[in-house]
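Comments concern the structure below.
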Amino acid sequence: PYKSSGGAMVRSDLGDIPVGWTFGKLGDEIETLGGGTPSTTVSEYWENGDILWYSPTDLTRSKTLFSLGSEKKITKIGLEKSSAKLFSKYSLLLTSRATIGEVTINTQDACTNQGFITIIPNQVFSIYFLYGWLLTQVNLIKQLASGSTFPEISKSTFRDFPFLKPDVEILIRYDQTVKPILQKIETNTKQIQTLTETRDRLLPKLMSGQLRI
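Counting with the working numbering, you get residues 7 to 219 for the letters of the sequence shown.
Below, the structure written as C-alpha cells:
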C-alpha cells in the first residue's frame, strides 16, 4: 500500500515506514476496556439476566469470527455492582489471561469477565481494520504475557503496544476491500446457527414419529 505515495519511506522508531503513515502507541489511538465478574453468590446478579457476559470458554468453544451470544448472562444490577463494562456490538474481544490470543467480534451489546481486553473501534479505525491488525500482532502480544500463576497481558502493556497508523486513504481502501468479505462471513455464521437450531428442534420429532418426511 505504500506504493500509493510513490514508494517513498521515512524513518521512525519502527524503522522505515511509508510517507504519510505515523507511529505511536495503541492506547493513544484506540479505546480499550477490561472486564469483571459479578459475585456468583448473589442471585439477583445472574437470575433472568439479559446482558451477554463473555468468558474465554465462549471463544474457545465456538471458534467463530462473529459471536452470536454468550453462555452466561447477567442482570443490569449485576453489571452495576461489578467492574464489568458494557460495550456496543461490533467490538473486538481478545482473551488476555491464561488462554491468550482468542479473538471474536460480538454482534450484540455485551460485557466480559476479567480475562479479556476489548478493543473499541472508532471513526478512524473500523472493526474490520482492527481485526486485520490484531491478527498480524497476536503472536507478538502473546510474547508479552507474564505472571507466576498463569500468563496474562496487562491492560497497560497492551495500551503501550506499538501501533502503525496508515494514512486515511489506505484505511478507506482497506475497508472497501475487506468489509464485504467479513459481512458475508457474519451472514453465513447466522445462517448456520439458524439451520442448526432448526435441525435440533426437528430431529427429535422425526425420531419419535411426531413428524414424517
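Don't be surprised by glycine CBs; every beta carbon is placed ideally from N, CA and C.
Original post:
Buried or exposed: where does Ser102 fall if 16 or more other Cβ atoms within 10 Å of its Cβ makes it buried?
Top reply: Here residue 102 refers to the residue found at position 96 when the sequence shown is read from its first residue. Burial is judged here by how many other beta carbons sit within 10 angstroms of a residue's own beta carbon; Ser102 has at least 16 and is buried.
**OP:** Rounded to whole angstroms, what's the CA-CA distance from Asp56 to Gly26? Just pull it up for me.
**Re:** Here residue 56 refers to the residue found at position 50 when the sequence shown is read from its first residue. Here residue 26 refers to the residue found at position 20 when the sequence shown is read from its first residue. Rounded to the nearest angstrom, the two C-alpha atoms are 45 Å apart.
**OP:** Within its chain, find whatever has a CB closer than 8 Å to the CB of Ala104; leave out the 5 residues flanking it on each side and keep chain order.
**Re:** Position 98 of the sequence shown, counted from the first residue, corresponds to residue 104. Correct list, in chain order: Pro62, Gly121, Phe156, Pro157, Glu158.
Subject >> Where the alpha helix (DSSP H) through Asp64 begins and ends >> reply: Indexing the sequence shown from 1 puts residue 64 at position 58. Taken as a continuous stretch (DSSP letters only), the alpha helix (DSSP H) holding Asp64 covers 62 to 68.
Original post:
Buried or exposed: Ser3, going by 16 or more other Cβ atoms within 10 Å of its Cβ?
Top reply: The first residue shown for the chain is 7 and the last is 219, placing residue 3 beyond what the model contains.
Original post:
Are Ile191 and Phe72 close, meaning C-beta to C-beta below 8 Å?
Top reply: Numbered from its first residue, the sequence shown carries residue 191 at position 185. Numbered from its first residue, the sequence shown carries residue 72 at position 66. Between Ile191 and Phe72, the CB-CB gap stays under 8 Å.
Subject >> Closest by C-alpha distance to Cys117, when choosing among Leu136, Leu92, Phe29 >> reply: Within the sequence shown, the letter at position 111 stands for residue 117. It is Leu92 whose Cα lies nearest to the Cα of Cys117.
**OP:** Verify whether the separation of the beta carbon atoms of Ile111 and Leu100 is less than 8 Å.
**Re:** As a first step, residue 111 must be located in the sequence shown, where it is residue number 105. As a first step, residue 100 must be located in the sequence shown, where it is residue number 94. It is not a contact, given that the beta carbons lie outside the stated cut-off.
Subject >> Counted within 10 angstroms of its Cβ, other Cβ atoms place Gly21 as buried (16 or more) or exposed >> reply: For the purposes of this step, residue 21 is taken as residue 15 along the sequence shown, with counting starting at 1. An exposed status is given to Gly21, since fewer than 16 other beta-carbon atoms sit within 10 Å of its beta-carbon.
Subject >> Euclidean distance between Cα positions of Lys31 and Gly42 >> reply: Counting from one through the sequence shown, the residue named residue 31 turns up at place 25. Counting from one through the sequence shown, the residue named residue 42 turns up at place 36. Lys31 and Gly42: Cα-Cα distance of roughly 25 Å.
Original post:
Are the Cβ atoms of Gly138 and Val184 separated by less than 8 Å?
Top reply: The count along the sequence shown starts at 1 and reaches residue 138 at position 132. The count along the sequence shown starts at 1 and reaches residue 184 at position 178. Here Gly138 is near Val184, since their CB atoms are less than 8 Å apart.
Subject >> Helix, strand or coil at Gly107 [DSSP, three-state] >> reply: The sequence position of residue 107 within the sequence shown is 101, counting from 1. Three-state DSSP puts Gly107 in a strand.
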